[in-house]
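Residue numbers (this note's numbering), protein chains in the order written: chain X, 1 to 349; chain H, 1 to 349.
All C-beta atoms, glycine included, are put in the ideal place defined by N, C-alpha and C.
Note sheet for the following structure.
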DNA sequence: AATCGATGGGAAAGCGCTCTCCGGTCGCTG
DNA sequence: CAGCGACCGGAGAGCGCTTTCCCATCGATT
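Here it is in structure tokens:
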């Protein structure tokens with residue numbers, strides 16, 4: 001760590017290291033990249049020269065020749081609406097985003113791989129992104145598609161880009177993705193509710209056009225039917241706190257006898273809890289509530305939410321691994337990894 | 001948009017465009033970069049050739065010669081603890097992170113500037129980061145320092161790197177930063193509480209070693225003193241929901257007569273609200289509660305929190321602008337932009 | 001002892017781009 | 001009409017790195 005250089009001075013290059021070590025650029029390059037058999041003694045001399053000079057490889061020069069950037073992109077593909085005003089997108093204020101970043105970084109950082117953030121809203125931006133990516137802006141992309149009709153995943157596969165989606169695409173596509181078994185998770189919730197003796201169970205679902213939401217609905221219905229409850233009253237929300245509150249009011253009004261409800265995410269469940277308290281219902285005594293995600297909202301809720309854990313960090317980490325494998329070997333076949341959800345028992349159900 | 005190229009084919013370079021347009025590389029480069037006066041007619045021919053070939057500039061090659069990457073780094077400097085396990089850092093699950101990203105992107109994206117994420121935990125990682133940055137991994141960095149004794153800001157200024165901090169550094173440093181006027185915000189809270197008639201006011205503060213927290217404490221105390229309340233009972237939390245709940249229990253136990261409380265962030269305030277409900281206190285009738293941040297927690301709370309709005313997105317956007325200015329002109333003098341907080345009146349106070 | 005194979009390391013050719021230099025054309029002035 | 005300057009566009013030199021190609025060296029084999 002003796003490589004202290006004055007700010008502003010020209011930075012050391014391979015050439016400089018080579019001169020100090022008394023070898024050629026090629027040799028230094030080999031040593032730095034740990035390639036081939038280099039005489040152990042030279043090896044040491046070179047490393048020493050690297051330290052003395054404070055050499056750090058120039059990424060641009062390297063990627064110019066290797067055609068690799070050592071960067072992967074995290075692409076958030078949102079709707080056009082907020083295109084000029086990304087932070088209007090509530091998405092960034094949602095812990096979801098940070099959890100994905102954290103999971104990705106846990107794999108990427110130890111490997112020295114950069115994570116570059118991309119946000120696309122318009123079709124034009126999507127096309128441009130694909131161009132940039134093809135030109136080597138990044139070696140691959142992890143895509144967070146927030147909209148069921150998003151064209152980005154298709155664009156990317158057509159362009160032959162290395163990509164992995166977080167969350168199953170709305171339309172089948174030859175692309176790897178990671179997801180949680182939403183249906184199985186919902187079934188877990190159904191089993192639990194029935195298991196604790198609920199006789200009249202309702203559901204607050206997410207938007208009916210997003211795949212994850214559809215799976216939760218289907219999974220829950222199927223499981224309830226299996227338990228002898230072919231009919232499950234349901235109201236759809238949009239995954240926000242408020243929509244959960246409203247949906248609960250409606251559900252309670254229309255079905256006052258409900259003694260159990262499955263809410264498709266924790267945020268809505270938290271809202272539902274508030275509606276229930278307002279309505280004078282005790283949770284879980286009068287009505288049991290079960291959420292989905294095991295987000296921080298689950299802990300903040302009163303009573304703390306029994307919920308289905310969504311292993312987002314693990315999923316993101318796995319998506320990074322899949323992507324890396326695909327980048328290393330473009331023949332890598334399309335694979336999807338589906339994570340098992342588990343029920344986290346707290347006090348609301 | 002006629003530039004459809006088969007995946008896998010060699011990508012078009014300046015050379016290709018030049019050939020198609022019948023000009024030299026240099027001219028194409030000028031046109032693409034919008035430099036100098038190029039004959040308008042040629043200009044058009046070149047652009048046409050660009051479209052025909054589907055040319056996209058190669059970032060690596062460009063930055064190799066310009067010594068600019070068109071990337072800025074968002075560095076999250078956390079404590080050593082979670083170094084191998086970034087997502088253990090609760091930070092990513094906090095909307096704070098996403099809000100900063102959103103604000104940054106609102107400035108960077110229209111300019112076509114990349115945002116690269118960096119997370120450093122150990123001293124070693126910090127030193128390496130500085131090396132990478134000097135070597136041109138990014139043109140500058142926006143630094144989120146999560147720990148009061150963080151050495152990163154100092155390391156960066158010593159290395160002469162372009163950096164802007166989000167949040168005032170714990171020790172004075174010749175570096176630009178953006179922040180919110182924490183003391184003024186706390187004073188706003190004090191004024192409001194006193195204004196609505198509270199006679200006995202307490203405070204739940206953040207950790208006493210972080211600057212933002214200190215400012216809120218000092219600002220609140222000063223304002224209360226001005227209003228004739230030299231003594232303000234206080235309990236410190238750590239900005240989490242739970243710590244707010246615990247602190248409220250303690251405060252209420254030790255000072256049952258309290259009719260107003262300022263809580264240093266919304267998350268803790270939400271916790272405090274729950275403690276209060278548990279204790280049978282009505283908010284705001286028995287005791288008024290005011291938070292800080294105006295985060296989503298403020299809206300999710302019941303009653304909705306009166307709080308001090310922390311313009312995080314605007315601050316992040318400004319930090320990007322400051323950084324960009326500094327990158328364009330390294331003589332740019334150190335400037336700090338302090339944002340005025342405003343009180344958002346809801347129902348808790 | 002001569003030949004062969006293996007192996008380590010140097011020379012040099014680019015990767016795709018920018019930008020300085022310089023030559024060639026104009027239009028304009030005296 | 002000669003001469004000067006302004007301006008446009010081409011040639012080409014790198015930016016710092018990897019990697020192929022090749023030569024030299026050395027130990028082993030016949």
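Pick from 185(H), 283(H) and 197(H) that is closest to residue 215(H), judged by C-alpha positions: Here residue 215(H) is taken as the residue at index 215 of the second chain, counted from 1. Of the listed residues, the one whose Cα sits closest to residue 215(H) is 185(H).
Along chain X, in chain order, which residues have C-beta atoms closer than 8 angstroms to that of residue 56(H)? By one-based count along the second chain, residue 56(H) stands at place 56. Residues of chain X whose Cβ lies closer than 8 angstroms to the Cβ of residue 56(H) are, in chain order, 131, 132, 134 and 135.
Between the CA atoms of residue 286(X) and residue 220(X) - distance to the nearest angstrom: The residue labelled residue 220(X) in the question sits at position 220 within the first chain. The residue labelled residue 286(X) in the question sits at position 286 within the first chain. Here the alpha carbons of residue 286(X) and residue 220(X) stand approximately 21 angstroms from one another.
Taking a Cβ distance cut-off of 7 angstroms, strictly less, list which residues of the stretch 91-106 of chain H are near chain X, in chain order. From the stretch 91-106 of chain H, only 92, 93, 94, 95, 97, 98, 99, 101, 102, 103, 105 and 106 have a Cβ closer than 7 angstroms to chain X.
Taking the runs of the alpha helix (DSSP H) that are 4 residues or longer, which of them lie wholly in the stretch 141-198 of chain H? Qualifying alpha helix (DSSP H) stretches, in chain order: 152-158 and 182-195.
State the beta-bridge partners of residue 309(H) as determined by DSSP. The sequence position of residue 309(H) within the second chain is 309, counting from 1. Looking at the DSSP assignment, residue 309(H) forms a beta bridge with 293(H) and 342(H).
Excluding the five sequence neighbours on either side, which residues of its own chain have a C-beta within less than 6 angstroms of the C-beta of residue 315(X), listed in chain order? Your numbering for residue 315(X) matches position 315 in the first chain. Sequence-distant partners of residue 315(X) (beyond 5 residues in either direction) whose C-beta falls short of 6 angstroms from its own C-beta, in its chain, are 178 and 339.
Any idea which residues DSSP pairs residue 72(X) with across the strands? Counting from 1 along the first chain, the entry for residue 72(X) is found at position 72. BP columns for residue 72(X) point to 115(X) and 140(X).
Residue 239(H) in three-state terms, based on DSSP: Counted from its first residue, the second chain places residue 239(H) at position 239. In the three-state DSSP reduction, residue 239(H) falls in the coil class, being neither helix nor strand.
Under 8 angstroms Cβ to Cβ from residue 15(H), same chain only, skipping five residues before and after it: list those, please. In the second chain, counting from the first residue as 1, residue 15(H) sits at position 15. Around residue 15(H): 25.
Can you list, in chain order, the residues of its chain with a C-beta nearer than 6 angstroms to that of residue 161(X)? Leave out the 5 residues immediately preceding and following it. As a working note, residue 161(X) is residue 161 in the first chain. The answer, listed in chain order, is 133.
For residue 85(X), count neighbouring C-beta atoms within 10 Å of its own C-beta (all shown protein chains included) and say buried if the count is 16 or more, exposed if not. For this step, residue 85(X) is matched to residue 85 along the first chain. Because the pLDDT at residue 85(X) is just 48, under 50, the model does not fix this residue reliably, and the point stays unresolved.
Just checking: is the beta-carbon of residue 60(X) within a distance shorter than 7 angstroms of some beta-carbon in chain H? Looking up residue 60(X) in the first chain gives position 60. In terms of beta-carbon proximity, residue 60(X) lines the interface with chain H, with at least one pair separated by less than 7 angstroms.
Between the C-alpha atoms of residue 187(X) and residue 262(X), what's the straight-line distance to the nearest angstrom? Residue mapping note: residue 187(X) aligns to position 187 of the first chain, counting from 1. Residue mapping note: residue 262(X) aligns to position 262 of the first chain, counting from 1. Going by the C-alpha atoms only, they are around 10 angstroms apart.
Looking at chain X, is there any beta carbon in it that lies within less than 7 angstroms of the beta carbon of residue 363(H)? Residue 363(H) falls outside the range modelled here, since chain H spans only 1 to 349, and no answer is possible.
Within the same chain, show all residues whose beta-carbon is closer than 8 angstroms to that of residue 255(X), passing over the 5 residues directly before and after it, in chain order. Against the first chain, residue 255(X) aligns to sequence position 255. Within the same chain, residue 255(X) has close Cβ partners 200, 202 and 233.
Would you give the residue range spanned by the beta strand (DSSP E) that residue 260(X) belongs to? Taking the first residue of the first chain as position 1, residue 260(X) is located at position 260. Run containing residue 260(X): 260-263, per the beta strand (DSSP E) assignment.
Which residue comes first and which comes last in the alpha helix (DSSP H) that contains residue 201(H)? Along the second chain, one-based indexing puts residue 201(H) at 201. For residue 201(H), no alpha helix (DSSP H) run applies; the uninterrupted beta strand (DSSP E) run containing it begins and ends at 201-205, by DSSP.
Close beta carbons around residue 17(H), own chain, < 6 angstroms, minus the five adjacent residues each side: Indexing the second chain from 1 puts residue 17(H) at position 17. Result list for residue 17(H): 28, 49, 50, 53 and 55, in chain order.
Spell out a yes or no on whether the stretch 116-128 of chain H and the stretch 64-75 of chain H are touching, meaning 3 or more CB-CB pairs, one atom from each, closer than 8 angstroms. With the cut-off at 8 angstroms, the stretch 116-128 of chain H and the stretch 64-75 of chain H touch.
Starting from residue 214(H) and walking both ways along the alpha helix (DSSP H), at which residues does that stretch end? Taking the first residue of the second chain as 1, we reach residue 214(H) at position 214. Per DSSP, residue 214(H) belongs to the alpha helix (DSSP H) from 211-226.
So residue 69(X) contacts chain H; which residues on that side make the cut at Cβ distance below 9 angstroms? Within the first chain, the letter at position 69 stands for residue 69(X). Residues of chain H with a Cβ closer than 9 angstroms to the Cβ of residue 69(X) are, in chain order, 59 and 60.
Mind checking who residue 337(H) pairs with in its DSSP beta bridge? Position 337 of the second chain, counting from 1, holds the residue named residue 337(H). Residue 337(H) has 178(H) as its beta-bridge partners, per DSSP.
CA-to-CA distance, residue 346(H) to residue 253(H), given in whole angstroms: By 1-based counting over the second chain, the position of residue 253(H) is 253. By 1-based counting over the second chain, the position of residue 346(H) is 346. The straight-line gap from Cα to Cα measures roughly 26 angstroms.
For residue 314(H), decide whether its Cβ has a neighbour in chain X, counting only Cβ atoms nearer than 7 angstroms. If you number the second chain from 1, residue 314(H) lands on position 314. No, residue 314(H) does not count as interfacial toward chain X.
Can you tell me which of 189(H), 102(H), 95(H) and 259(H) puts its alpha carbon nearest to the alpha carbon of residue 239(H)? Residue numbering aside, residue 239(H) sits at position 239 when the second chain is read from its first letter. Considering only 189(H), 102(H), 95(H) and 259(H), the residue with the shortest C-alpha distance to residue 239(H) is 95(H).
Tell me whether residue 38(X) sits in a helix, a strand or coil according to DSSP, three-state version. Taking the first residue of the first chain as position 1, residue 38(X) is located at position 38. The answer is coil: DSSP assigns residue 38(X) none of H, G, I, E or B.
Short of 7 angstroms Cβ to Cβ, which residues in the stretch 262-282 of chain H face chain X? So the close ones are 270 and 274.
Roughly how many angstroms lie between the CA atoms of residue 165(X) and residue 211(X), to the nearest whole one? To locate residue 165(X), count along the first chain from 1; it is residue 165. To locate residue 211(X), count along the first chain from 1; it is residue 211. Cα to Cα, the separation comes out at about 13 angstroms.
Please confirm whether residue 324(X) has its beta-carbon closer than 7 angstroms to some beta-carbon of chain H. Here residue 324(X) corresponds to residue number 324 of the first chain, with the count starting at 1. Judged by the 7 angstroms Cβ criterion, residue 324(X) is not in contact with chain H.
Kindly give me the distance between the Cβ atoms of residue 98(H) and residue 98(X), rounded to whole angstroms, as I take these residues to be in contact under 8 angstroms. In the second chain, the residue the question calls residue 98(H) occupies position 98. In the first chain, the residue the question calls residue 98(X) occupies position 98. Contact annotation, residue 98(H) with residue 98(X): C-beta distance approximately 6 angstroms; criterion of less than 8 angstroms satisfied.
Identify the residues that DSSP records as bridge partners of residue 77(X): which are they? Here residue 77(X) corresponds to residue number 77 of the first chain, with the count starting at 1. In DSSP, residue 77(X) forms a bridge with 120(X) and 145(X).
Comparing C-alpha positions only, which one of 38(H), 183(H) and 163(H) sits nearest to residue 322(H)? Here residue 322(H) refers to the residue found at position 322 when the second chain is read from its first residue. For residue 322(H), the nearest C-alpha among the options comes from 163(H).
Just the chain H side, please: which residues come within less than 7 angstroms of residue 354(X) by C-beta, in chain order? Here chain X covers residues 1 to 349 and nothing more, so residue 354(X) does not appear.
Can you list the residues of chain X that residue 258(H) reaches, using a CB-CB cut of under 9 angstroms? To locate residue 258(H), count along the second chain from 1; it is residue 258. Going along chain X, no residue has its Cβ under 9 angstroms from residue 258(H), so there is no contact; the nearest lies around 21 angstroms.
Relative to the C-alpha of residue 304(X), which candidate in 344(X), 336(X) and 280(X) has its C-alpha closest? Indexing the first chain from 1 puts residue 304(X) at position 304. Comparing C-alpha distances from residue 304(X) to each of 344(X), 336(X) and 280(X) shows the shortest one belongs to 344(X).
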